[in-house]
Amino acid sequence: MVQSEKMSALGQMVAGVAHEINNPINFIYANLSYVEQYTQDLLKLVQHYQQCYPHPPQALQEELKAVELEYLAEDLIKILKSMKVGTNRICEIVLSLRNFSRLDEAELKAVNIHEGIDSTLMILQHRLKANVQRPEIKVIKEYGQLPLVECYPGQLNQVFMNLLANAIDALEESNQGRTFAQIASNPNIIHISTIKADNQVIISIADNGLGVPEAIHSKLFDPFFTTKPVGKGTGLGLSISYQIVTEKHHGRLYCNTTPGQGTKFVIEIPIRQFSHDAAA
Ligand SMILES: Nc1ncnc2c1ncn2[C@@H]1O[C@H](COP(=O)(O)OP(=O)(O)OP(=O)(O)O)[C@@H](O)[C@H]1O
Ligand SMILES: [Mg+2]
Numbered sequence: 001m002v003q004s005e006k007m008s009a010l011g012q013m014v015a016g017v018a019h020e021i022n023n024p025i026n027f028i029y030a031n032l033s034y035v036e037q038y039t040q041d042l043l044k045l046v047q048h049y050q051q052c053y054p055h056p057p058q059a060l061q062e063e064l065k066a067v068e069l070e071y072l073a074e075d076l077i078k079i080l081k082s083m084k085v086g087t088n089r090i091c092e093i094v095l096s097l098r099n100f101s102r103l104d105e106a107e108l109k110a111v112n113i114h115e116g117i118d119s120t121l122m123i124l125q126h127r128l129k130a131n132v133q134r135p136e137i138k139v140i141k142e143y144g145q146l147p148l149v150e151c152y153p154g155q156l157n158q159v160f161m162n163l164l165a166n167a168i169d170a171l172e173e174s175n176q177g178r179t180f181a182q183i184a185s186n187p188n189i190i191h192i193s194t195i196k197a198d199n200q201v202i203i204s205i206a207d208n209g210l211g212v213p214e215a216i217h218s219k220l221f222d223p224f225f226t227t228k229p230v231g232k233g234t235g236l237g238l239s240i241s242y243q244i245v246t247e248k249h250h251g252r253l254y255c256n257t258t259p260g261q262g263t264k265f266v267i268e269i270p271i272r273q274f275s276h277d278a279a280a
């Protein structure tokens, strides 16, 4: 209870920060296009000058040499391009943060589930990408044709976040004692698939980590059950997710695992919530 209140306060803060960043970054992004256009115009103008006056006076020749005009022209365009890529990326992250921490979570809403998963993946990007110990974690998406799903999007995103973070933790644990090359030849994979079945959607998130030992299988969803070191895990991720899926969305959340081979968490939720059906 306390934990989910904390999460919602955090969600509001994240949404607020994302909102504040959104305006200035859009401003920069929009203006970059003008800067690019003006730069190209100016460079064209200089070229034109050079064609019309191929033999400028000595002083000007020296100045042209000093600024290394040719290099400058080439580099300027490149710099502007990379600034655009950079701001574009910030825009995407901000959008993901806003999507992820949707403030409208108090209301049931029909949403595109794939957008929620993609926003969550974007936020976790820093944990998925390659580092000195291992290559990147491959994410294989197999998205089916899904209708909009009626849900509390902020809460469902929290479930995706918990399951994906657990998968990454499990993969990192399975990497212990393996070299970069060994991991590369048997890479870390997260497999996300979605499918519509009758009146519900089924979302599964699978990793090829070490799996869950039989002995603790029944404890996974217990509050405060964790196998992670103190300070790393609170053991609340799965119990909160379970509550969100079963109580809030009248769905099912369960785990299939083969020790040594990997773990798959499956979320099943109805496309429409029946309180709504009753009212209709
Ligand atoms: N994908 C997985 N592979 C293997 N074990 C898992 C996986 N997901 C969860 N577990 C096991 O279930 C336990 C409980 O998970 P849960 O998400 O509830 O807590 P946590 O990850 O330990 O901590 P928190 O999520 O609060 O930071 C984990 O400590 C881990 O032992
Ligand atoms: Mg967890």
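Taking full-length UniProt numbering as reference, the numbering of the sequence shown is continuous, increasing by one, and the terminal residue is 280. Cβ atoms here follow ideal geometry from the backbone N, Cα and C, with glycine treated the same way. Quantities reported herein were computed from a predicted structural model and do not represent experimental measurements.
query	result
Residue from P56, L171, T227 and G86 whose Cα sits closest to the Cα of A215	T227
Counted within 10 angstroms of its Cβ, other Cβ atoms place V94 as buried (16 or more) or exposed	buried
Own chain, CB closer than 6 Å to A278, minus 5 neighbours either side, in chain order	At A278, the pLDDT of 46 sits below 50, so the modelled position is not reliable and the matter cannot be decided from this model.
K44, DSSP secondary structure in three states	helix
Own chain partners of N162 with C-beta closer than 6 Å, once the 5 adjacent residues on each side are dropped	G237 and S241
Residue burial classification, D75 (beta-carbon count within 10 angstroms, cutoff 16)	exposed
The alpha helix (DSSP H) enclosing G237, as first and last residue numbers	G237 to Q243
Candidates P147, I203, S82 and P187, of which the one nearest S193 by Cα	I203
Proximity of I168 and L128 at Cβ, strictly below 9 Å	yes
Sequence ranges, beta strand (DSSP E) only - wholly within the region 46-131, length at least 3	109-111
Straight-line Cα distance separating A30 from Q261	48 Å
Rounded straight-line distance, which links the Cα of N22 to that of N88	11 Å
Of the listed residues Q50, K109 and A73, nearest to K248 (C-alpha basis)	K109
Cβ contact (3+ pairs, closer than 8 Å) linking the region 63-83 and the region 116-124	no
Alpha-carbon spacing of H48 relative to L42, whole angstroms	10 Å
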